[in-house]
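All remarks here apply to the structure that follows.
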Amino acid sequence: MKRFRRHVHESQRDRLKQELFQFTKTVEHGFPHQPSALGYSASLQLMAIGTRSGAIKLYGAPGVEFMGLHDENAAVTQVFFMPHQVELVTLLDDNSLHMWTLRGHKGLSELLEIGRFMLTGPPGAPPSVTRVTAVLAHSSGELLLLGTEGGHVFIVEVPGFRELEERNISLDQVTSCVPDDYIGRRNLEHVEALQESPMNSNQVAIGYGRGLIVIWDLEQHLAIRHILPTQQLESMWWTEDGSSILSSHSDGSYCCWTLGAEGEYEEDEKSDIPYGHFPCKAIMKIVKLPTAGGPPFLLFSGGMPRASYGDRHCITVIHSKTQVAFDFTSRIIDFFVIRHGPHLTGEPSALVVLVEEELVVIDLQTEGWPVIQAPYLVPLHSSAITCSHHVSAIPLKLWERIIAAGLLQNTHYSKKPWPITGGQNLALDPPQRDLLLTGHEDGTVRFWDASGVCLNPLFKLSTASVFHADADPNDNMSQSAEGEWPPFRKVGCFDPYSDDPRLGIQKIHLCKYSGYLTVAGTAGQILMLELNDEASEQTVEAKIVDLLQGQEGFRWKGHTQLDVREEPVLFPPGFQPFTVVQCQPPAVVTALTLHSEWKLVAFGTSHGFGVYDYLQKKSVLVKCTLNPSDQLAMEGPLSRVKSIKKSLRQSFRRIRRSRVSLRKHQISSTAKIQEANARLEAELAEMELAPVQRKIEARSSDDSFTGLIRTLYFADTFLSDSSHNSPSLWAGTNGGCVFAYILFLPPLERRADDAVTAQPAKEIQLMHRAPVVGIVVLDGQGAPLPEPLEMAHDLARSPDMHGSHHLLVISEEQFKVFTLPKVSTKMKLKVTAVDGSRVRRVGVAWFGSSRTEGYGESGLVFLTNQGDVHVLSLPHVKIQVRHPCIRREDVSGIASCVFTKQGHGFYLISPSEFERFSLSTRYLVEPRCLVEAPIHSVASNQHKPMPKVTSSTHRSSQDTEDAESAARHVMEHALLNDEKVLQEIQKSLEGDQGSFPQNNVKSAVA
Amino acid sequence: MNKNHRVPSSRSLSAVEVKSKFGAEFRRFSLDRSKPGRFDEFYGLLQHVHRIPNVELLVAYADVHGDLLPINNDDNYLKAVKSANPLLRLFLQRKEEADYSAFGTDSLTRKKNTVLSAVLLRPDPNKKKPPVIISLPKDFRPVSSIIDVDILPETHRRVRLYKHGQEKPLGFYIRDGSSVRVTPQGLEKVPGIFISRLVPGGLAESTGLLAVNDEVLEVNGIEVAAKSLDQVTDMMIANSHNLIITVKPANQRNNVVRPGGGGGGGASGSSGRSSDSGTSHHGYSPYGAAAAGPTHIIQNFPVGELESDEDDEDLVIEVGGEAESMRHAASNYSMPSLPRYEPHLNLRTAANSGSAFSINANGALRGSGSSGSLNNTSCTTPSPDRAKERRSLEEEGTVITL
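So the protein sequences, as listed, match chains A and B. Take the first sequence: its position 343, counting from 1, is numbered 343 in this note's numbering, and each next residue is one higher. Take the second sequence: its position 142, counting from 1, is numbered 1148 in this note's numbering, and each next residue is one higher.
If you want it as structure tokens, here you go:
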């Protein structure tokens, strides 16, 4: 009977669950991992980036983003917009061509793949005949010219991909009109470049790898001219007036060929090796653009002297007497120039460069060619991300102060607005201001505006200046010696090299009400910072806290602690440090929390934890949790934890290194595939030889790192008796132990004088000894206690102090609710014992009902090592929903996950990209945008049908499932261990989402 | 052999009759079944009722199978009380005169063919062999056993590794592998988890119930199919206090065989070390038929304990400001069984009778639930279902209690 009643209750609950929870991956923030192609439509003002994992991303005005994913697991090698249309064509590494379109649907645009095509040669022809090496989207919008490795040019009608065989330009036809002595020596090689005459759309220039350039008339079907450079051709540019053709070559030279009236042979008007004398590297791409009444702009990539600067990634811009070699920190993928005015006619206004790790836009109109700060695609990983922290609903005052401080840091950027302005952003303004703080390996903390689709950088805090560091942290990027040749100028902010790994940020906690910030790092440093609108010069007080407390037999073999500067340091406006606590031994800080109302900060390492009173600048409590037999923790960073991290990073680097630079054409792709297969087989054989075994052993108190502090929590609750609540500190260790201390705070008026004291109150040793990853105190109504100062700002209802409080201890293996003050188990939820997954990340969130205004529930969101996110009801700790979110092999993705108070989450899908997901039905952040075709394009036949829109209320979740099944499908025929596949799966999940944004939007509105 | 003739009286539900023999004297008294108290209290009571206050005693009882077993700690005392049906027959001896060899099988009964436990047993008690000598260990505890033989297919073996309070490591490793399944379409290779290594001297090895290359099918009633090696590892570690592994032994010749319905010649291959002499070929019967016969593999510990949440017994130390006790506490972490720390559940003191009652009720509920399915040997439910049912029972128990 009981069971029956519960059943009825459960169906109601199920309905409520649907109103409260919904899982969607909404948007990717940051810079796409491993970009491989760049395209731009001047008419749409949209930029397209293709990646090695087969994703295609379109960007316009801030907030205008589209994303698509090819079904094939192949790199996008080239992207072209069809002139004056909303279609674009992509060429993949597997030689397939894909056509995409931006289709309007219910007032929003979506990116859809509408056709695919694979060039088929005559029967029996070698694959090189049809291997596409160059693509030209003809300005008529109806033709695609495809140059191939075999030297033929195929002409295909689009959309529909109909081969126009009679119009193909075969190699024989070309050779027949070129002098025999040139032909005789060797073949012409592949088609390197195809270019349409700016003046006469019937004329196209065909550039062959060996150097020959032929101007072909499509109407008459014959070659009308040819040019015979002596060097291997790299690229070609037909100047705007049609009077000359520039060719760039593999020896670092470029030539300008004037096209005489009707002369049969062209003159080599000007040949130049810009960085000459010594052998130079190839000029990969050259562009020449006229200005109204002034000297033209000449831009080219590469061409550096091989021996001295061969490793630089440069784009040289020459205008009049000015010449600058923009020096990027990673490999150049491609670049284009944006011109003022409609349709390619005006002055060059901005140079957009896609390099492997970032997008750099240079303002060519302002003196000095400053960089324009990008509103999106900002590299999150300019220094590797080491931790992140999300703060929801920032008060306006603090928000404005952070922005103001950030603006002062960005004075070196151009004042010009963002030049890529295509599409309309139709998303509503975000309902609140959210901050995402990322800690980096180089000791910086970056503040990002995470309220909307674009993750905007707001402010950058550097902690390095507090310490004596080997290198000057403010090394000026744009500084170059006068008269240096080539005239280098460093641009971009991607800088993966950290001067001192000890500076790395490990934990961040910001109090949004008081503006106090605490950050903790690798060498046991805890900095307290406060927001100051003025620059100030001050000495930072350092306090050393000995966490060992006389524990004997200890030998720290790790790094030394950082030296704090004793002299006053000038801090720019923004967050300025005022006190530094240094743990001794200087082990990495593993837990950190701040209580701005009590003015206390608590921190923990693998040795113990402490509480510091930052008002009086006094240590309140130090507790050593080290197990004397724990040699690993004693010796320091030779630790297991660290080495795993290190090996992960190393393997990541290895992967990156092994992906040697992607050339424009891969001639020996079959050989490569064979090689990869052989390697894979070898790996598998190796696995067979040494099977992985796992030791089955109960945890014991003698395990390593049992004393490592995993979580710290301040709570005002009933710790000692049920009638009086008191401030308390809770600490959870890696060995399943919870320490609770009562804190005695002097009355407010004596707060600055009387000492804060702490007294041990309780210790709980969980019998299963799994690491404690979270502690939450629930009030009399089962709701989590509010954050410090939240009540004081009238932003939270005051906790129910009448009913009895409960302690929720979250270990990696189970959730347990204890009564307070007498700690006895009330409820629990076992996770690991039942399905073998372990809790990795946990957060408290509030879920509002999509149907009933004003109804909402607090829930516990957690992520397991299997990559699944769950929502747990409070205080009953019952699983409400579960969704696969991250691939379980993606350890770094799982480790990087942070939850927001609104039931959102972020995790890294690559070193440079955050995926944003939402478990809430109320509140979604995702792109909603519209792009209108400049000319009305005929509706094309649709190859990829849209999922049927049903009238079901859970349409979005259904779509998610579709996406999931798509992902599974991908997984089935792919190797799981391949990182590429990981990317693909991730992207397919989001890709489908990106394609049908209106569904999600609608349910969000509903 | 009164055990079969006695009709349980209604009293026996709450009280246990005790008949205690010391020398030639008998004493009769009763105990509260639900609150038997601790062994030392009981020991005092015995000394009291026999009026031998200063005599060191060796206490033994006759279990349901007629074996004479010692009572010398809380665990076997509770077991004795629980298994009294309804009479608990006690035999007291002076310690100095004690005949240790008296313990064991065949000690009291003559035509006994049952076995004591998987651990302490030597096979084939039918033969006229000298009686099995059982020593009197200081701490007489169950270690490990084969369980649920009545409900599992013969090819499978469910092993309970009882780690409670043991210093011994579990001591085994698992690995990935592939196993062959017979499907209607033919043989299919599927990934599986296997035992890859046994640590010498570890619990797994010393029990002899697990062997290298045994395929792991379930962990505490949950199937491991489609779970990764790491997941299974984590599940096992999470259940390490009371780990129940269902395996498909690599060596199928030592399988437990249930005797045929006719009984009689049912030589029981009880532990994993049953004779290799081919007993497994006769006396075979499908489970349903086997149900009629007695189950020869028994559990010598309370059934309810099977699902007891060892890990529920978190230690809570009230520090209350005395620094010294704190320090002491910290130094003794590794020994949860120290008497000074009372596990906050299963409290048996009168002061906490309220909570103790609820827990006991809970335990009793669980106990009856699963012992029902164990003892009622007609149960033919496939094991996963049963395991699930048991789990759900446990969960409901929690819900009702709280």
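For each residue, glycine too, the CB sits at the ideal point set by N, CA and C.
Checklist entry - If contact means a Cβ-Cβ distance below 8 Å, which residues of the stretch 1155-1181 of chain B contact chain A? => result Residues of the stretch 1155-1181 of chain B with a C-beta less than 8 Å from any C-beta of chain A: Lys1169, Pro1175, Leu1176, Gly1177, Phe1178, Tyr1179, Ile1180 and Arg1181, listed in chain order.
Item to check | Span separating the alpha-carbon of Ile734/A from that of Ile508/A | outcome: Counting from 1 along the first sequence, the entry for residue 734/A is found at position 734. Counting from 1 along the first sequence, the entry for residue 508/A is found at position 508. Reading off the sequence, residue 734/A comes out as Asn, not Ile. Their backbone Cα atoms lie some 20 Å apart in a straight line.
Checklist entry - What is the DSSP secondary structure of Ile403/A, reduced to helix, strand or coil? => result As a first step, residue 403/A is located in the first sequence; it is residue number 403 there, counting from the start. Look at Ile403/A here: in three-state DSSP terms it is helix.
Checklist entry - Is it buried or exposed for Gln22/A, if we count other Cβ within 10 angstroms and need 16 for buried? => result Start at 1 with the first residue of the first sequence, and residue 22/A comes out as number 22. A residue is called buried once 16 or more other Cβ atoms fall within 10 Å of its Cβ, and Gln22/A is buried on that count.
Next on the checklist: Can you find the residues in the same chain that come closer than 8 Å, C-beta to C-beta, to Ser36/A, ignoring five residues on each side of it along the sequence?
Outcome noted: The residue given as residue 36/A occupies position 36 in the first sequence. Taken in chain order, the residues that qualify are Gly50, Thr51, Arg52, Ala75, Val76, Thr77, Ile333 and Leu662.
Item to check | Partner residues on chain A for Thr1189/B, Cβ-Cβ distance less than 8 Å | outcome: Taking the first residue of the second sequence as position 1, residue 1189/B is located at position 183. Correct list: empty, because the minimum Cβ distance to chain A is about 20 Å.
Item to check | Span of the alpha helix (DSSP H), counted from its first residue to its last, around Ser1089/B | outcome: In the second sequence, residue 1089/B corresponds to position 83, counting from 1. Looking at the DSSP string, the run of the alpha helix (DSSP H) that includes Ser1089/B is Asp1080 to Ser1089.
Item to check | Three-way DSSP call (helix, strand, coil) for Gly994/A in this model | outcome: The residue you call residue 994/A lines up with position 994 of the first sequence. A caution first: Gly994/A carries a pLDDT of 39, below 50, which makes its placement in the model unreliable, though a value can still be read off. In the displayed model, Gly994/A falls within a helix according to three-state DSSP.
Checklist entry - Expressed to the nearest angstrom, what Euclidean distance is found between the alpha-carbon atoms of Ala125/A and Leu119/A? => result The sequence position of residue 125/A within the first sequence is 125, counting from 1. The sequence position of residue 119/A within the first sequence is 119, counting from 1. If you draw a straight line from the Cα of Ala125/A to the Cα of Leu119/A, it is about 12 Å long.
Item to check | Local conformation of Met767/A per DSSP, three classes | outcome: As a position in the first sequence, residue 767/A is number 767, starting the count at 1. Met767/A: coil per DSSP, three-state reduction.
Checklist entry - When the Cα atoms are used, what is the spatial distance from Ala1232/B to Gln814/A? => result Taking the first residue of the second sequence as position 1, residue 1232/B is located at position 226. Taking the first residue of the first sequence as position 1, residue 814/A is located at position 814. When rounded, the distance between both Cα atoms is 22 Å.
Checklist entry - Per DSSP, Pro1190/B forms a beta bridge with which residues? => result Position 184 of the second sequence holds residue 1190/B. Pro1190/B is not bridged to any residue.
Checklist entry - Ile1153/B CB to nearest chain A CB: under 9 Å? => result Locating residue 1153/B in the second sequence gives position 147, where the first residue counts as 1. At a cut-off of 9 Å between beta carbons, Ile1153/B makes no contact with chain A.
Checklist entry - Is it true that the stretch 154-163 of chain A meets the stretch 173-180 of chain A, where meeting means three or more beta-carbon pairs spaced less than 8 Å apart? => result By the C-beta criterion, the stretch 154-163 of chain A is judged not to be in contact with the stretch 173-180 of chain A, since fewer than 3 inter-stretch pairs fall below 8 Å.
Next on the checklist: Taking a contact to mean a Cβ-Cβ separation below 9 Å, would you say Cys255/A touches Lys270/A in this structure?
Outcome noted: One-based indexing of the first sequence puts residue 255/A at position 255. One-based indexing of the first sequence puts residue 270/A at position 270. If you check the CB distance, Cys255/A and Lys270/A come in under 9 Å.
Next on the checklist: Would Glu357/A and Phe31/A be called neighbours here (beta carbons separated by less than 9 Å)?
Outcome noted: As a working mapping, residue 357/A is identified with position 357 in the first sequence. As a working mapping, residue 31/A is identified with position 31 in the first sequence. Going by C-beta atoms, Glu357/A is nearer than 9 Å to Phe31/A.
Checklist entry - Could you give the distance in angstroms between the alpha-carbon of Ser1212/B and the alpha-carbon of Glu1319/B? => result Numbered from 1 along the second sequence, position 206 holds the residue referred to as residue 1212/B. Numbered from 1 along the second sequence, position 313 holds the residue referred to as residue 1319/B. So the two alpha carbons sit approximately 27 Å from each other.
Checklist entry - Using the beta-carbon of each residue, which ones in chain A are nearer than 7 Å to Glu1324/B? => result To locate residue 1324/B, count along the second sequence from 1; it is residue 318. Simply Lys762.
Checklist entry - Closest to Tyr1067/B by CA distance: which of Ala1021/B, Leu1052/B, Tyr1168/B and Arg1259/B is it? => result Here residue 1067/B refers to the residue found at position 61 of the second sequence. Of all alpha-carbon atoms in Ala1021/B, Leu1052/B, Tyr1168/B and Arg1259/B, the one lying nearest the alpha-carbon of Tyr1067/B is that of Leu1052/B.
Next on the checklist: Assess contact between the stretch 483-498 of chain A and the stretch 569-588 of chain A, defined as three or more Cβ pairs (one per stretch) separated by less than 8 Å. Is contact present?
Outcome noted: Contact between the stretch 483-498 of chain A and the stretch 569-588 of chain A is absent, because fewer than three Cβ pairs lie under 8 Å.
Checklist entry - Closest by CA to Lys901/A, which one among Gly60/A, Ala895/A, Cys885/A and Ser920/A? => result Residue numbering aside, residue 901/A sits at position 901 when the first sequence is read from its first letter. Answer by Cα proximity: Ser920/A.
Checklist entry - Comparing alpha-carbon positions, which option in Met801/A, Ile402/A, Met767/A and Pro788/A lies nearest Asp779/A? => result Counted from its first residue, the first sequence places residue 779/A at position 779. Looking at the Cα atoms, Met801/A is the closest of the given residues.
Checklist entry - Which two residues bound the contiguous alpha helix (DSSP H) that contains Tyr309/A? => result Working through the first sequence from its first residue, we reach residue 309/A at position 309. Start and end: Arg306 to Tyr309.
Next on the checklist: Are the CB atoms of Leu1235/B and Leu1209/B within a distance shorter than 9 Å?
Outcome noted: Along the second sequence, one-based indexing puts residue 1209/B at 203. Along the second sequence, one-based indexing puts residue 1235/B at 229. Not in contact: Leu1209/B and Leu1235/B (Cβ atoms no closer than 9 Å).
Checklist entry - Quick one, are the C-beta atoms of Lys623/A and Gln582/A less than 9 Å apart? => result Within the first sequence, numbered from 1, the residue matching residue 623/A stands at position 623. Within the first sequence, numbered from 1, the residue matching residue 582/A stands at position 582. Going by C-beta atoms, Lys623/A is not nearer than 9 Å to Gln582/A.
Item to check | Amino acids of chain A, ordered along the chain, whose beta-carbon sits closer than 9 Å to that of Thr1239/B | outcome: Working through the second sequence from its first residue, we reach residue 1239/B at position 233. Think of a sphere of 9 Å around the beta carbon of Thr1239/B: the chain A residues whose beta carbon falls inside it are Arg694, Lys695, Ile696 and Gly836, in chain order.
Checklist entry - Taking the alpha helix (DSSP H) that Met1241/B falls in, what are its first and last residues? => result As a position in the second sequence, residue 1241/B is number 235, starting the count at 1. Segment Leu1235 to Ala1244, the alpha helix (DSSP H) holding Met1241/B.
Checklist entry - Where DSSP assigns a beta bridge to Cys255/A, which residues make up the other side? => result For the purposes of this step, residue 255/A is taken as residue 255 along the first sequence, with counting starting at 1. DSSP lists Ser247/A and Ser271/A as partners of Cys255/A.
Item to check | Simplified DSSP assignment, three categories, for Gln18/A | outcome: By 1-based counting over the first sequence, the position of residue 18/A is 18. In the structure shown, Gln18/A adopts helical secondary structure according to DSSP, grouped into three states.
Checklist entry - The alpha helix (DSSP H) spanning Thr421/A covers which residue range? => result If you number the first sequence from 1, residue 421/A lands on position 421. Membership of Thr421/A in any alpha helix (DSSP H) is not indicated, and neither H nor E is assigned to it by DSSP.
Next on the checklist: Counting C-beta neighbours from all protein chains within 10 Å, is the total for Gln365/A 16 or more, i.e. buried, or is it exposed?
Outcome noted: Working through the first sequence from its first residue, we reach residue 365/A at position 365. With a threshold of 16 other beta carbon atoms within 10 Å, Gln365/A falls short and is exposed.
Item to check | Short CB-CB distance (under 9 Å) between Ser824/A and chain B | outcome: Start at 1 with the first residue of the first sequence, and residue 824/A comes out as number 824. Closer than 9 Å to some Cβ of chain B, the Cβ of Ser824/A qualifies, so yes.
Checklist entry - What whole-angstrom Cβ distance do Val809/A and Gly732/A have, given they're in contact under 8 Å? => result For the purposes of this step, residue 809/A is identified with residue 809 of the first sequence, where counting begins at 1. For the purposes of this step, residue 732/A is identified with residue 732 of the first sequence, where counting begins at 1. The pair is a contact, with the Cβ atoms about 7 Å apart (cut-off 8 Å).
Checklist entry - Quick one: Cα of Gly68/A to Cα of Pro572/A, how far? => result Position 68 of the first sequence, counted from the start, is the residue given in the question as residue 68/A. Position 572 of the first sequence, counted from the start, is the residue given in the question as residue 572/A. Those two C-alpha atoms are separated by around 42 Å.
Next on the checklist: One question on the structure: do Ile505/A and Thr463/A come within less than 9 Å of each other, judged by their Cβ atoms?
Outcome noted: Here residue 505/A refers to the residue found at position 505 of the first sequence. Here residue 463/A refers to the residue found at position 463 of the first sequence. Ile505/A is a Cβ neighbour of Thr463/A, given a cutoff of 9 Å.
Next on the checklist: From the DSSP secondary-structure annotation, give me the bridge partner or partners of Thr900/A.
Outcome noted: To locate residue 900/A, count along the first sequence from 1; it is residue 900. Per DSSP, none; premise fails for Thr900/A.
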